[in-house]
Every structure is written in C-alpha cells, then in structure tokens.
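Novice:
Number of protein chains: 2
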Amino acid sequence: MKTYNNSTYALLGILTLDCRTGYEIKQRMDQSLNHFWKISYGQIYPNLKTLVTDGLATVKVMSQDGKPDGKEYFLTTKGEEVLKNWLKEPLQHIANERNEVLLKLFFSRHQPADQTQSLIRHYKEELQKKIDTYEAIEEMIGTNYSQNPDATYWLYTLDYGKRTTKAAIEWCEDTIEKIK
Amino acid sequence: MKTYNNSTYALLGILTLDCRTGYEIKQRMDQSLNHFWKISYGQIYPNLKTLVTDGLATVKVMSQDGKPDGKEYFLTTKGEEVLKNWLKEPLQHIANERNEVLLKLFFSRHQPADQTQSLIRHYKEELQKKIDTYEAIEEMIGTNYSQNPDATYWLYTLDYGKRTTKAAIEWCEDTIEKIK
DNA sequence: AACCTCATGTAACATGTTACATGATTGA
DNA sequence: TCAATCATGTAACATGTTACATGAGGTT
Numbered sequence: 001m002k003t004y005n006n007s008t009y010a011l012l013g014i015l016t017l018d019c020r021t022g023y024e025i026k027q028r029m030d031q032s033l034n035h036f037w038k039i040s041y042g043q044i045y046p047n048l049k050t051l052v053t054d055g056l057a058t059v060k061v062m063s064q065d066g067k068p069d070g071k072e073y074f075l076t077t078k079g080e081e082v083l084k085n086w087l088k089e090p091l092q093h094i095a096n097e098r099n100e101v102l103l104k105l106f107f108s109r110h111q112p113a114d115q116t117q118s119l120i121r122h123y124k125e126e127l128q129k130k131i132d133t134y135e136a137i138e139e140m141i142g143t144n145y146s147q148n149p150d151a152t153y154w155l156y157t158l159d160y161g162k163r164t165t166k167a168a169i170e171w172c173e174d175t176i177e178k179i180k
Numbered sequence: 001m002k003t004y005n006n007s008t009y010a011l012l013g014i015l016t017l018d019c020r021t022g023y024e025i026k027q028r029m030d031q032s033l034n035h036f037w038k039i040s041y042g043q044i045y046p047n048l049k050t051l052v053t054d055g056l057a058t059v060k061v062m063s064q065d066g067k068p069d070g071k072e073y074f075l076t077t078k079g080e081e082v083l084k085n086w087l088k089e090p091l092q093h094i095a096n097e098r099n100e101v102l103l104k105l106f107f108s109r110h111q112p113a114d115q116t117q118s119l120i121r122h123y124k125e126e127l128q129k130k131i132d133t134y135e136a137i138e139e140m141i142g143t144n145y146s147q148n149p150d151a152t153y154w155l156y157t158l159d160y161g162k163r164t165t166k167a168a169i170e171w172c173e174d175t176i177e178k179i180k
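In structure tokens form, the structure reads like this:
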C-alpha cells in the first residue's frame, strides 16, 4: 500500500469533519490543528488533487461563470480505509522539535546575562499567549461542538498543549532567576 | 547584513566548542544538541563551504596521500560577530512543533479505544527513553565539562527537556486512564 | 477609491533527508 | 576476513513556505 506524508493524512482526517473546499480546510486547520500541525495552501491544493487521482477522494466541481470553479472534496471508502490504516500504524517520528530558544541558550555564554534573560522573558510571553489560545479554543469547542463525538479527542490534544506549555513557562521563570 | 538559517548559526556556535571537522561537528551535535536541533551531513558540509566563502570561517586543508583531504574549520572574528548578532536578535519562530501523536489522537474517533491507548502507551515509552537520555547527558556534562563556562547553559537546555517531557508523560498517564 | 474577505491555484525558493560513492584504519 | 568506525562529500528527493496572479463581492 502506497504511503503518504503526515500532512496528507491530516487532509484525509479533516475531510471527515465536513470540510469540503481547500479554503474551508485551511480555515479549519488554522483554528484547530494549528498548535501541532500547520499546513499552507501550497500543500493543500496540490495534495487534494493527488487524493483524487489516487482514488482517496472525489471532487464535485461547481462551475460558476466568471468565478474560478468551486471544488468540493469528499472522502471515498478507500480514503477512509487509508486514514484508519495510518491511525493504527506505529509512530514514525517522536517529536524532536527544533527549538530556537534552546539553540540560542545553548550558546549564550557569548552574550551578556541580561540579553539572555530578555530572550527567555520574551519566550515566556509567547508561551503565555499560547496558553490563552488553547483556552479560547477549549471554550469554543465547549460551545460549538459539545455534541460532537470528536470533541473529547480534540480536548485531549489541547490538554497536552496546556500542560507542556505550562511546564515550559515554569522553566522560564526559574531559569530567569538562575541567570541573575 | 546577510542572514542565515538557524542550522548555519548552530554551525557557527559549535565551532566555538573546538569542533574542527565536519565529522566532529556531526558527532558533537548528535551528543549535545540533538534533543532540540539536529543536522545531517548533507547540511554540514555544504554549509561549511558557504561559511568560508562568506568569510565567517577559515579552513586548513591537510593533504594526506590516498585519504581524502582532512579539513579543519576555524571561526573568524567576523564569524563570531555574526554569531553574537544572531544571539541578540529576537526570536523568529516560537516552537510550533509538529506532533504526530497529537495528529493521530485528533482523529482517533475513527479507531477503537484500545488502539488509541496503545498509541499513547508507546509514546510514553519513547518519552521515558528521552528522559533517560537527558539524564545521561547531564551526568556526562558533570564529569567531562564541569569546568567549562558553557556548561551551565547546556544544563538549562536539558532542564527544559526534562521538565516538558515529564509533563508530557503525566499527560500520557492521565489520558490513557480517561480513554478507558 | 481602497481595502478586506472569499476562493483557487502555481512557481520559485528554502530547507532538510537519504542513499550512495569512496577509501583508510581498527578490532573481532 | 568481515564489520565497524573514521572521514568527506554529492545528488536526488521530499517537504514546506512565500510571493504572486486572478477575480468576485462587500465594507469603509
């Protein structure tokens, strides 16, 4: 069986959530998956085409005069199978995130302490914003998707984000102190 | 001033640690930066050339008959300046790590609960291995680099890894319970 | 009139990984 | 002798981002 990259599987998954057009998909990804998987139009549109040629999705073209064709995509049974198959496969890559702050910190002997502190302070502020975003999404899910059977899983991913980010914030606070 | 990508700055930084050859650099990166910044030979060798043509490093070629030339790289003053300059610049990207587990979890309604549990259980095991690695590196730094002025910064990055990974492990435990 | 959002798409570019080629030395 | 490690490097490929082109319709 042909394999795809994770962004393609993300596309298959998002098609199960009543997202039909490339534009809708992008919106939805930005709202809900953005904190652990983002994707650009440059990936979405060409990949949707591939899905169709591989029989994982079908497309319904809505010709509109003047406007470019609107295209709605639908998962096929084969597409669902490929999605389910990917879900049960073992993990390929354990997140080894590249972290710019840590990279700079690693070499921070080469700069004065106060610069390193402000580096971490800035990072902490960004992390705080992340937490706020997570909580906003959480609330949004509570109001708009409380009946949705997917919702519990979405909340798990948010919980992950919140917990690890909070741990990172605490590290920031302690490390700023230590550098003094 | 010309800008470089973070992998190139990582190279500049590593050259301050008495790593001289491409091979040495790779070894060192794998040992110490690997948990937040990895790099392959396909990046190292071409990038080292660029550093030389841009005057950020010099190279000393050691012709050996039969063997391919051994090449030792040294930072120039300009190279040091570029490094320091990068250190004090604001962060470009706040880590938005792509996380395969979360991506799968997000769509896990489409598979039975026990499969999702074993997904997370597997993840947890990998995270535990990470913790072990962090602690091994920590000990190594204590024994081999206790006098090194860089060492405190290295320990900060390890602390970050340990804390966020521990938070992730706790999330795994709790989430496995919740899915039951 | 200018700007924003909706909407689709491509081309150029940046970045990074993998497989391969080459060949010496060291140790089991 | 066979495998591993030391050591340098490239080419093909995979992946992803950015800038741009196009144009409708609504808002300021």
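Chains V and C, in that order, are what the protein sequence lines are.
In case it helps, the UniProt record's numbering puts the first sequence at residues 1 to 180.
In case it helps, the UniProt record's numbering puts the second sequence at residues 1 to 180.
Glycine is no exception: its CB is placed at the ideal position from the N, C-alpha and C atoms.
Quantities reported herein were computed from a predicted structural model and do not represent experimental measurements.
On the DSSP letters alone, give me the boundaries of the beta strand (DSSP E) that glycine 70 of chain C sits inside.
Specialist: Locating residue 70 of chain C in the second sequence gives position 70, where the first residue counts as 1. Its beta strand (DSSP E) spans residues 70-75.
Novice: Compare the C-beta of aspartate 18 of chain C with all C-beta atoms of chain V and state if any pair is closer than 8 angstroms.
Specialist: Here residue 18 of chain C refers to the residue found at position 18 when the second sequence is read from its first residue. No, no contact with chain V.
Novice: For serine 7 of chain V, which residues from the same chain have a beta carbon less than 8 angstroms from its beta carbon, with the 5 sequence-adjacent residues on both sides left out?
Specialist: In the first sequence, residue 7 of chain V corresponds to position 7, counting from 1. Once the five neighbours on either side are set aside, the close Cβ partners of serine 7 of chain V are Trp37, Ile39, Gln43 and Asn47.
Novice: Exposed or buried, what is threonine 165 of chain V when buried is set at 16 or more other beta-carbons lying within 10 Å of its beta-carbon?
Specialist: As a first step, residue 165 of chain V is located in the first sequence; it is residue number 165 there, counting from the start. Label assigned to threonine 165 of chain V: buried.
Novice: Quick check: the segment 138-146 of chain V against the segment 110-117 of chain C, are at least 3 beta-carbon pairs closer than 8 angstroms?
Specialist: no
Novice: Using the three-state DSSP reduction, which class does glycine 140 of chain V fall into: helix, strand or coil?
Specialist: As a working note, residue 140 of chain V is residue 140 in the first sequence. Contrary to the premise, residue 140 of chain V reads as methionine rather than glycine in this sequence. Note: methionine 140 of chain V maps to helix in three-state DSSP.
Novice: Which chain V residues are close to threonine 157 of chain C, counting only those with a beta carbon under 7 angstroms from its beta carbon?
Specialist: Counted from its first residue, the second sequence places residue 157 of chain C at position 157. Result: Leu102, Leu105 and Phe106.
Novice: Give, in chain order, every residue of the segment 114-126 of chain C whose Cβ lies closer than 7 angstroms to some Cβ of chain V.
Specialist: Gln115, His122, Tyr123 and Glu126
Novice: For phenylalanine 36 of chain V, decide whether its Cβ has a neighbour in chain C, counting only Cβ atoms nearer than 8 angstroms.
Specialist: Taking the first residue of the first sequence as 1, we reach residue 36 of chain V at position 36. Cβ-Cβ to chain C under 8 angstroms: yes for phenylalanine 36 of chain V.
Novice: Given leucine 83 of chain V, which residues of its chain have a CB within under 8 angstroms of its CB, disregarding the five upstream and five downstream residues?
Specialist: Counted from its first residue, the first sequence places residue 83 of chain V at position 83. If we look at leucine 83 of chain V and ignore the five residues flanking it on each side, its Cβ neighbours are Tyr9, Leu12, Gly13, Thr16 and Leu75.
Novice: Find the nearest neighbour of threonine 3 of chain C within the set C/Leu102, C/Asn85, C/Ser63 and C/His35, judged by alpha-carbon distance.
Specialist: The sequence position of residue 3 of chain C within the second sequence is 3, counting from 1. Threonine 3 of chain C has its Cα closest to that of C/Asn85, out of C/Leu102, C/Asn85, C/Ser63 and C/His35.
Novice: Taking the C-alpha atoms as reference points, what is the distance between serine 108 of chain C and leucine 158 of chain V?
Specialist: Position 108 of the second sequence holds residue 108 of chain C. Position 158 of the first sequence holds residue 158 of chain V. Their Cα atoms are separated by approximately 14 angstroms.
Novice: Thinking C-alpha only, which one of C/Leu127, C/Ala167 and C/Pro112 is nearest aspartate 150 of chain V?
Specialist: Residue mapping note: residue 150 of chain V aligns to position 150 of the first sequence, counting from 1. Cα-wise, what sits closest to aspartate 150 of chain V is C/Pro112.
Novice: Can you tell me whether lysine 60 of chain V is helix, strand or coil according to DSSP?
Specialist: For the purposes of this step, residue 60 of chain V is taken as the residue at position 60 of the first sequence. Note: lysine 60 of chain V maps to strand in three-state DSSP.
Novice: For the alpha helix (DSSP H) holding asparagine 6 of chain V, just list the boundary residues, first then last.
Specialist: Reading the first sequence from its first residue, position 6 is the one you call residue 6 of chain V. Run containing asparagine 6 of chain V: 6-15, per the alpha helix (DSSP H) assignment.
Novice: At 4 residues or longer, what runs of the alpha helix (DSSP H) sit wholly inside the UniProt domain "Transcription regulator PadR C-terminal" (98-179) of chain C?
Specialist: 100-106, 113-144 and 151-179
Novice: In terms of alpha-carbon separation, which member of V/Ile25, V/His122 and V/Gly79 lies closest to glutamate 51 of chain V?
Specialist: To locate residue 51 of chain V, count along the first sequence from 1; it is residue 51. The amino acid at residue 51 of chain V is misidentified as glutamate; the sequence shows leucine. Ranking the options by Cα distance to leucine 51 of chain V, first place goes to V/Gly79.
Novice: Throw me the rounded Cβ distance for the threonine 21 of chain V and lysine 71 of chain V pair, which I believe falls under 8 angstroms.
Specialist: Residue 21 of chain V sits at position 21 when you count from the first residue of the first sequence. Residue 71 of chain V sits at position 71 when you count from the first residue of the first sequence. With 8 angstroms as the limit, threonine 21 of chain V and lysine 71 of chain V qualify as a contact, their Cβ atoms being about 6 angstroms apart.
Novice: To the nearest angstrom, report how far apart lysine 178 of chain V and leucine 102 of chain V are at their CA atoms.
Specialist: Sequence index remark: in the first sequence, residue 178 of chain V carries index 178 (1-based). Sequence index remark: in the first sequence, residue 102 of chain V carries index 102 (1-based). Taking the straight line joining both Cα atoms gives about 16 angstroms.
Novice: Under 8 angstroms, Cβ to Cβ, is there at least one residue of chain C near aspartate 150 of chain V?
Specialist: Within the first sequence, residue 150 of chain V is the residue found at index 150, counting from 1. Yes, aspartate 150 of chain V counts as interfacial toward chain C.
Novice: Under 8 angstroms between beta-carbons, which chain C residues line up against threonine 3 of chain V? List them in chain order, please.
Specialist: Taking the first sequence and counting its residues from 1, the one referred to as residue 3 of chain V is at position 3. Residues of chain C passing the Cβ test: none, with the nearest at roughly 14 angstroms.
Novice: Classify aspartate 30 of chain V as helix, strand or coil using the three-state DSSP reduction.
Specialist: On the first sequence, residue 30 of chain V is found 30 positions in, with the first residue counted as 1. Helix.
Novice: Whose C-beta lies closer than 7 angstroms to the C-beta of cysteine 19 of chain V among residues of the same chain, with five residues either side of it excluded?
Specialist: Working through the first sequence from its first residue, we reach residue 19 of chain V at position 19. Excluding sequence neighbours, cysteine 19 of chain V sits near Ile25 and Arg28.
Novice: Taking only beta-carbon atoms, is residue 181 of chain V less than 8 angstroms away from chain C?
Specialist: There is no way to answer for residue 181 of chain V, as the model of chain V reaches only from 1 to 180.
Novice: Only counting the same chain, and skipping five residues up and downstream in sequence, which positions put a Cβ closer than 7 angstroms to that of glutamate 139 of chain V?
Specialist: The residue you call residue 139 of chain V lines up with position 139 of the first sequence. Excluding positions up to five away in sequence, the list is empty.
Novice: Around the C-beta of serine 63 of chain C, are 16 or more other C-beta atoms found within 10 angstroms, so that it is buried, or is it exposed?
Specialist: Within the second sequence, the letter at position 63 stands for residue 63 of chain C. Exposed.
Novice: Rounded C-beta distance between tyrosine 123 of chain V and cysteine 172 of chain V? I'm assuming under 8 angstroms.
Specialist: Within the first sequence, residue 123 of chain V is the residue found at index 123, counting from 1. Within the first sequence, residue 172 of chain V is the residue found at index 172, counting from 1. Indeed, because the Cβ distance is near 6 angstroms, the residues count as touching under 8 angstroms.
Novice: Listing by chain order, which chain C residues have their CB less than 8 angstroms from the CB of leucine 83 of chain V?
Specialist: Locating residue 83 of chain V in the first sequence gives position 83, counting from the first residue. By Cβ distance, chain C contributes Phe107 and His110.
Novice: Taking C-beta to C-beta, are leucine 87 of chain C and phenylalanine 106 of chain V nearer than 8 angstroms?
Specialist: Locating residue 87 of chain C in the second sequence gives position 87, where the first residue counts as 1. Locating residue 106 of chain V in the first sequence gives position 106, where the first residue counts as 1. No, these two residues do not count as a Cβ contact at 8 angstroms.
Novice: Is isoleucine 94 of chain C close to chain V? Criterion is C-beta to C-beta, closer than 8 angstroms.
Specialist: Here the question's residue 94 of chain C lines up with position 94 in the second sequence. So, interface residue.
Novice: With burial defined as no fewer than 16 other Cβ atoms inside 10 Å of the residue's Cβ, what is the status of glycine 55 of chain C: buried or exposed?
Specialist: As a first step, residue 55 of chain C must be located in the second sequence, where it is residue number 55. Exposed: under 16 other Cβ atoms inside 10 Å.
Novice: Which chain V residues are close to glutamate 170 of chain C, counting only those with a beta carbon under 8 angstroms from its beta carbon?
Specialist: The residue labelled residue 170 of chain C in the question sits at position 170 within the second sequence. Residues of chain V passing the Cβ test: Arg163.
Novice: Below 8 angstroms CB to CB, which residues in the same chain sit around lysine 130 of chain V once its five sequence neighbours on both sides are set aside?
Specialist: Walking along the first sequence from the start, residue 130 of chain V turns up at place 130. Cβ within range, chain order: His35, Gly161 and Thr165.
Novice: Can you pull the chain V neighbours of alanine 33 of chain C, defined as C-beta to C-beta under 9 angstroms?
Specialist: Translated into the one-based positions of the second sequence, residue 33 of chain C becomes position 33. The amino acid occupying residue 33 of chain C in the given sequence is leucine; alanine does not appear at that position. In chain order: Leu102, Leu103 and Phe106.
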